[in-house]
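Counting in the working numbering, the sequence shown runs from 8 upward without gaps. Virtual Cβ for every residue (Gly too), placed ideally from N, Cα, C.
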Amino acid sequence: KDFIIIAIDGGAAAGKSSTSRALSSRFNLMHVDTGSFYRATTVKLLEAGVPAEAGDALNAGLANLELGTYIDENSAYIVVNDWIPDESIRSEEVNANVSHYAAIPELRKFLFDYQREQATIAQEEGFAGLVMEGRDIGSVIFPDADLRLYLYADPAKRAARRAAEGLADSIEKRDAMDANRKTAPLSVPEGATLVDSSELTLEEVVEHVSGLVENAY
Ligand code: C5P
8 KDFIIIAIDG GAAAGKSSTS RALSSRFNLM HVDTGSFYRA TTVKLLEAGV PAEAGDALNA
68 GLANLELGTY IDENSAYIVV NDWIPDESIR SEEVNANVSH YAAIPELRKF LFDYQREQAT
128 IAQEEGFAGL VMEGRDIGSV IFPDADLRLY LYADPAKRAA RRAAEGLADS IEKRDAMDAN
188 RKTAPLSVPE GATLVDSSEL TLEEVVEHVS GLVENAY
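See below:
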């Protein structure tokens, strides 16, 4: 294949970003972290005082957001009204609010086409493929992906990872909200390969997953 799409889903702090980044440089794939899309949107809606519920205020808030894409090395980043999101999208306030916004169908619809467009951008930019991480990539955004992975790590491992980052983040609460919402819930996509990283180092996960990528070509 001259272009492959890899979908990586899983709960918070399951190791999706590190794994995706490693794959992107190894296979020359464009890396896209869709969690950052929901986080950046959350920052903008909080800023505008738009509550996390469907309705006119939300629709108006979304209509005011213009999305662009910025590419740096192997990753594509969202740009919102000319703002390139920084570390502020990982604040405790955003951690506490993002799943509430992400549960709103209108907001997910707002980001749907934009996420699909990333494949076209990756092709235009000459990448060999796209590796996209999130919660509903293999189930909703790219159900036809060449490889669908579901990363899992036991709760103690995940809590330790977040603690090392020094940020309060109730990952189990977020996972519960993400898994129980009606629209595009966090779930193991059909045909996905489950990867349990609890007992593995990042290098071991990447080794294992790279074998799966090679078979997907
Ligand atoms: O991946 P990250 O933990 O940064 O994602 C933040 C939040 O964005 C998730 O907890 C979830 O509510 C939402 N999200 C989503 N669908 C995606 C990616 C993220 O609902 N594809």
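Whole-angstrom distance between Lys51 and Thr41, CA atom to CA atom: In the sequence shown, the residue the question calls residue 41 occupies position 34. In the sequence shown, the residue the question calls residue 51 occupies position 44. Their Cα atoms are separated by approximately 16 Å.
Distance between Glu206 and Gly133 (C-alpha atoms, nearest Å): Here residue 133 refers to the residue found at position 126 when the sequence shown is read from its first residue. Here residue 206 refers to the residue found at position 199 when the sequence shown is read from its first residue. Near 36 Å, if we compare the C-alpha coordinates of Glu206 and Gly133.
Minimum Cβ-Cβ distance from Met184 to chain C less than 9 Å: In the structure shown, chain C does not exist; there is a single protein chain.
Ala55 to Glu221 span [Cα, whole Å]: Taking the first residue of the sequence shown as 1, we reach residue 55 at position 48. Taking the first residue of the sequence shown as 1, we reach residue 221 at position 214. Whole-angstrom Cα-Cα distance: 45 Å.
Residue burial classification, Asp182 (beta-carbon count within 10 angstroms, cutoff 16): Walking along the sequence shown from the start, residue 182 turns up at place 175. When all chains shown are included, Asp182 counts as buried.
His38 versus Asn88, Asp79 and Ala170, residue with shortest Cα-Cα distance: The residue given as residue 38 occupies position 31 in the sequence shown. Minimum Cα distance to His38 is reached at Asp79.
Best match in Leu193, Val195, Ile91 and Phe117 for proximity to Ala70 [C-alpha to C-alpha]: Locating residue 70 in the sequence shown gives position 63, counting from the first residue. The option with the nearest alpha carbon to Ala70 is Phe117.
Local Cβ density within 10 Å of Ala14, reported as buried at 16 or more and exposed below that: As a first step, residue 14 is located in the sequence shown; it is residue number 7 there, counting from the start. Under this definition Ala14 is a buried residue.
Thr225 vs Val101 beta-carbon contact at 9 Å: Residue coverage of the chain in this structure runs from 8 to 224, which leaves residue 225 outside it and unanswerable.
Assumed close pair Arg97, Arg46 - CB separation to whole angstroms, cut-off 8 Å: Translated into the one-based positions of the sequence shown, residue 97 becomes position 90. Translated into the one-based positions of the sequence shown, residue 46 becomes position 39. At roughly 7 Å, the Cβ-Cβ gap stays under 8 Å, so Arg97 and Arg46 are in contact.
The ligand C5P heavy atom lying under 8 Å from the CB of Val105: On the sequence shown, residue 105 is found 98 positions in, with the first residue counted as 1. Result yes, Cβ under 8 Å from the ligand C5P.
Inter-residue Cα distance where the pair is Ala20 and Ile128: As a working note, residue 20 is residue 13 in the sequence shown. As a working note, residue 128 is residue 121 in the sequence shown. So the two alpha carbons sit approximately 27 Å from each other.
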